[in-house]
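Data first, discussion second: the structure below is written as structure tokens.
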Amino acid sequence: MMSYILVALLTLLVRTSFHCGSINSFAGPFNVWIERADPCYEDDKRLHIKFSHYNPSKKFEPQVWNGIVNLTRAVDDTWWIKAPFSIRNNNQWKKNAIVLTALRNGCSGARSVMPSDLQELTTKRGTPCRFKQGVFYFRNLTVKLEFPKFPQLPYGHYRMELEAGQQDEKKAEYCFKTVAHVIPKL
Ligand SMILES: *[C@@H]1O[C@H](CO)[C@@H](O)[C@H](O)[C@H]1NC(C)=O
Ligand SMILES: *[C@@H]1O[C@H](CO)[C@@H](O)[C@H](O)[C@H]1NC(C)=O
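Note that the sequence shown covers residues -16 to -1, 1 to 170 in mature numbering (1 follows the signal peptide of the UniProt record, and there is no 0).
What follows is the structure, given as structure tokens:
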């Protein structure tokens, strides 16, 4: 989800587009911490995760996740994924500061950028990609939000809305939104 960030470097397997507007902030090596993640619609109960608090006075510690994600339909490479990011700038949300889309091969696109601590959600790399249907429980799971494909990102306060749908369907099956912070690597 979240933070399957940026693209440029994604494999050509995945049809992606990446553009980064004139973001008024410095970019560099980073850590990410998540403020919250919620379904886009209140009546959707398929995502419920609590993230441990980030303590800025401490050396960066990966956050601990507790909760569930309920994938009521498997996601494979017949799916599309869109993840536009807004960044907080001059007291406003600047939309589409970063846009990550996979118009096809959505599963592979997500899998190729997903932090390794979340890899249980998908089939292994090198095999046909699939987010398995089912309920995933996060129980005090320490998740390092590492994105080897993206050595640098602009620092800031981000909002991201992740949508995923099956190729023949315009309407998204899943819509999750995340608020996160990209901070200089500690
Ligand atoms: C997951 O979603 C299905 C379909 O809506 C529902 O029947 C099931 O109870 C949900 N499971 C959990 C643990 O929320
Ligand atoms: C998670 O860890 C906390 C603190 O160590 C503990 O109190 C809690 O019971 C644990 N929860 C689960 C689901 O294991």
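We treat Cβ as the ideally placed atom computed from N, Cα and C, and that holds for glycine.
Quick caveat, the model's predicted, so the values are computed rather than measured.
Between E157 and A164, the CB-CB gap reaches or exceeds 8 Å.
DSSP, read as helix, strand or coil, puts D101 in helix. Chain order is used for the residues whose beta-carbon lies nearer than 5 Å to a heavy atom of ligand 1, namely N54, T56 and V119. The three-state secondary structure of C113, taken from DSSP, is coil.
Note on geometry: alpha-carbon atoms of S41 and D152 lie some 48 Å from one another. In the structure shown, S70 falls within a strand segment according to DSSP collapsed to helix, strand and coil. Annotation for D28: C159 place their beta carbon closer than 8 Å to its own, counting only its chain and skipping 5 residues before and after.
Under DSSP, E130 forms no beta bridge with any residue.
In the structure shown, the three-state DSSP call for C24 is coil. The C-alpha of G110 is placed about 32 Å away from the C-alpha of C24. Judged by their CB atoms, G51 and Q136 are not nearer to each other than the 8 Å cut-off. Shown here, A58 sits in coil according to DSSP, grouped into three states, outside any helix or strand. In the structure shown, A81 falls within a strand segment according to DSSP collapsed to helix, strand and coil.
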